[in-house]
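A.B. asks:
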Amino acid sequence: DAKTTQPPSMDCAEGRAANLPCNHSTISGNEYVYWYRQIHSQGPQYIIHGLKNNETNEMASLIITEDRKSSTLILPHATLRDTAVYYCIVRFYSNSGYALNFGKGTSLLVTP
Amino acid sequence: DTAVSQTPKYLVTQMGNDKSIKCEQNLGHDTMYWYKQDSKKFLKIMFSYNNKELIINETVPNRFSPKSPDKAHLNLHINSLELGDSAVYFCASTLSTGTLEAFFGQGTRLTVV
Chain A
1 DAKTTQPPSM
11 DCAEGRAANL
21 PCNHSTISGN
31 EYVYWYRQIH
41 SQGPQYIIHG
51 LKNNETNEMA
61 SLIITEDRKS
71 STLILPHATL
81 RDTAVYYCIV
91 RFYSNSGYAL
101 NFGKGTSLLV
111 TP
Chain B
1001 DTAVSQTPKY
1011 LVTQMGNDKS
1021 IKCEQNLGHD
1031 TMYWYKQDSK
1041 KFLKIMFSYN
1051 NKELIINETV
1061 PNRFSPKSPD
1071 KAHLNLHINS
1081 LELGDSAVYF
1091 CASTLSTGTL
1101 EAFFGQGTRL
1111 TVV
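Taken in order, these protein sequences are the chains called A and B.
The first sequence begins at 1 in this note's numbering and counts up by one.
The second sequence begins at 1001 in this note's numbering and counts up by one.
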């Protein structure tokens, strides 16, 4: 399974767009990229996922490069409640099933 | 209604004891998981069940035994607790094994003293 690389931390001003990068240069053709976040002391929360095309939902946008070796999660108007650890994940295969393989993630701090 | 609920939220126990953590989901999902988040905040898959059948069993000590009485419940029983078992344990569920859009519970913080 592909591994991911994310910056350990980022800052963003409230109201501005937060752009969180992720490298997944060894991703294979049929592997999706998933993004989750974990707000302090809570369970991880699903944000968005994609394969090739850019995706958008009510929480965020996901931009995947044409070669699929990297992606960027965009929070268009960050709020203080978006302060969390953001995980870029390419699925993990074990035994006969798939699971999420969480790395270290990016700790995003949104400041007033 | 909470989608994925775990009990208890906090658990403090002595070394050598046996304890259980319960998880229930009301989403109608077929697949449930246990993840462990250690002191360094790494989240690792432990087990996965699909429709009551064990499908993922990562390298976890035999003292950990999951049990799924029905597809809405996945419990985790831990025997002979050790200091190193202290962690936050998260239950999660997905619609099926083919998707990783998971719903997570709020976690159970286990402290072994």
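Each residue gets a CB set at the ideal place from its N, CA and C atoms; glycine is no exception.
Isoleucine 39 of chain A lies in the beta strand (DSSP E); which residues open and close that run?
C.D. replies: As a working mapping, residue 39 of chain A is identified with position 39 in the first sequence. Unbroken run through isoleucine 39 of chain A: none, as it is neither H nor E.
A.B. asks: Within 10 angstroms of the Cβ of asparagine 1017 of chain B, are there 16 or more other Cβ atoms? Answer buried if so, exposed if not.
C.D. replies: Taking the first residue of the second sequence as 1, we reach residue 1017 of chain B at position 17. Flag for asparagine 1017 of chain B reads exposed.
A.B. asks: Compare the C-beta of serine 1039 of chain B with all C-beta atoms of chain A and state if any pair is closer than 8 Å.
C.D. replies: Against the second sequence, residue 1039 of chain B aligns to sequence position 39. No - not a single Cβ of chain A is within 8 Å of the one on serine 1039 of chain B.
A.B. asks: Which chain B residues are close to arginine 91 of chain A, counting only those with a beta carbon under 8 Å from its beta carbon?
C.D. replies: Translated into positions along the first sequence, residue 91 of chain A becomes position 91. Per Cβ cutoff of 8 Å: Leu1100.
A.B. asks: Show which residues of chain B have a CB atom less than 9 Å away from the CB atom of leucine 100 of chain A.
C.D. replies: For the purposes of this step, residue 100 of chain A is identified with residue 100 of the first sequence, where counting begins at 1. Ordered by position in chain B, the residues that pass the 9 Å Cβ test against leucine 100 of chain A are Tyr1033, Tyr1035, Leu1043, Ile1045, Ala1092, Leu1100, Ala1102.
A.B. asks: In angstroms with no decimal places, state the Cα-to-Cα distance between isoleucine 63 of chain A and valine 1113 of chain B.
C.D. replies: Counted from its first residue, the first sequence places residue 63 of chain A at position 63. Counted from its first residue, the second sequence places residue 1113 of chain B at position 113. Approximately 46 Å between the Cα atoms of the pair.
A.B. asks: Figure out for me which residue from B:Cys1023, B:Phe1042, B:Asn1079 has the closest Cα to the Cα of arginine 1063 of chain B.
C.D. replies: Numbered from its first residue, the second sequence carries residue 1063 of chain B at position 63. The option with the nearest alpha carbon to arginine 1063 of chain B is B:Asn1079.
A.B. asks: Per the contact definition of three or more C-beta pairs closer than 8 Å, is the segment 1044-1057 of chain B in contact with the segment 51-66 of chain A?
C.D. replies: no
A.B. asks: Can you check whether the C-beta of glycine 1107 of chain B is within less than 8 Å of a C-beta belonging to chain A?
C.D. replies: Here residue 1107 of chain B is taken as the residue at index 107 of the second sequence, counted from 1. True, the Cβ-Cβ gap to chain A drops below 8 Å.
A.B. asks: Give me the Cα-Cα distance between asparagine 30 of chain A and phenylalanine 1104 of chain B, rounded to the nearest whole angstrom.
C.D. replies: The residue given as residue 30 of chain A occupies position 30 in the first sequence. The residue given as residue 1104 of chain B occupies position 104 in the second sequence. Cα to Cα, asparagine 30 of chain A sits roughly 25 Å from phenylalanine 1104 of chain B.
A.B. asks: Under 8 Å Cβ-Cβ, which residues of chain D neighbour serine 9 of chain A?
C.D. replies: Judged by its chain identifiers, the structure shown contains no chain D, and its protein chains are A and B.
A.B. asks: My guess is that leucine 108 of chain A and cysteine 12 of chain A are in contact by the Cβ rule of under 8 Å, so how many angstroms apart are they, rounded?
C.D. replies: Stepping through the first sequence from its first residue, residue 108 of chain A is reached at position 108. Stepping through the first sequence from its first residue, residue 12 of chain A is reached at position 12. At roughly 6 Å, the Cβ-Cβ gap stays under 8 Å, so leucine 108 of chain A and cysteine 12 of chain A are in contact.
A.B. asks: What is the rounded straight-line gap between the Cα of alanine 84 of chain A and the Cα of threonine 65 of chain A?
C.D. replies: As a first step, residue 84 of chain A is located in the first sequence; it is residue number 84 there, counting from the start. As a first step, residue 65 of chain A is located in the first sequence; it is residue number 65 there, counting from the start. In a straight line, the C-alpha of alanine 84 of chain A is about 24 Å away from that of threonine 65 of chain A.
A.B. asks: Helix, strand or coil: which one does DSSP assign to glycine 50 of chain A?
C.D. replies: In the first sequence, counting from the first residue as 1, residue 50 of chain A sits at position 50. In this structure, glycine 50 of chain A counts as strand in the three-state DSSP scheme.
A.B. asks: Using a Cβ-Cβ cut-off of 6 Å (strictly less than) and excluding sequence neighbours within five positions of phenylalanine 1022 of chain B, which residues of its own chain qualify?
C.D. replies: Taking the first residue of the second sequence as 1, we reach residue 1022 of chain B at position 22. The sequence shown places lysine at residue 1022 of chain B, not phenylalanine. Excluding positions up to five away in sequence, the list reads Thr1007, Asn1075.
A.B. asks: For threonine 1097 of chain B, return the contacting residues in chain A, with the cut-off set at a CB-CB distance below 9 Å.
C.D. replies: On the second sequence, residue 1097 of chain B is found 97 positions in, with the first residue counted as 1. Chain A residues near threonine 1097 of chain B: Ser96, Gly97, Tyr98.
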